[in-house]
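Residue numbers (the working numbering): 31 to 181.
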């Protein structure tokens, strides 16, 4: 599965949700069960080292998955209306973390957010197609218009 395919994917782990519900303290555990975690560097992440019981020093360099935001319903464990924003961040010693990817968990369904450049590229391509269509129609009208006589 390519990274582009991940943008078209959603993931729900019904068994996890039935057993544990979903809240700020377990949303990362839920995310770890998704293909997003596996395909986006999860097995090599700081999170995985912690999960394996390895000591991870504060400010350790590497990829880390973090809960960036959660709405009030998510904080209170209301699955049906919960919204979590997770980020895959790159940490380097002495530097602020840089968000690499963003994931949304909406009512238990995990989605990968598109990169801004992909959104811009899509909008630009759509605008170019629209401009091309308009210009073709204008050219057809110009060609079909009778030439003015008596010039």
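The C-beta atom is built at its ideal place from N, Cα and C for all residues, glycine as well. Computed from a predicted model, the values in this text were never measured in an experiment.
- Cα atoms of residue 121 and residue 138: separation of roughly 27 Å, rounded to the nearest angstrom.
- Judged by their CB atoms, residue 115 and residue 94 are not nearer to each other than the 8 Å cut-off.
- Residue 166 counts as exposed, since fewer than 16 other beta carbons sit within 10 angstroms of its beta carbon.
- Per the C-alpha coordinates, the member of 113, 65, 92 positioned closest to residue 74 is 92.
- Among the bridge pairs identified by DSSP, residue 99 is matched with 115.
- Taking one beta carbon from each stretch, the segment 55-73 and the segment 156-175 have fewer than 3 pairs nearer than 8 Å; the two do not touch.
- Residue 76: member of the alpha helix (DSSP H) spanning 76-81, first to last residue.
- Here residue 64 carries a coil assignment [DSSP, helix/strand/coil].
- Three or more pairs of CB atoms, one per stretch, sit closer than 8 Å, so the segment 95-110 contacts the segment 43-56.
- The beta carbon of residue 78 lies closer than 7 Å to those of 72 in the same chain, with the five residues before and after it left out.
- Inclusion of residue 119 and residue 41 in the CB contact set at 8 Å is not warranted, their separation being larger than that value.
- Sorting 100, 97, 173, 86 by C-alpha distance to the C-alpha of residue 123 places 86 at the top.
- A distance below 8 Å separates the beta carbons of residue 134 and residue 143.
- The C-alpha of residue 173 lies about 16 Å from the C-alpha of residue 162.
- As the crow flies, the alpha-carbon of residue 176 is around 14 Å from that of residue 168.
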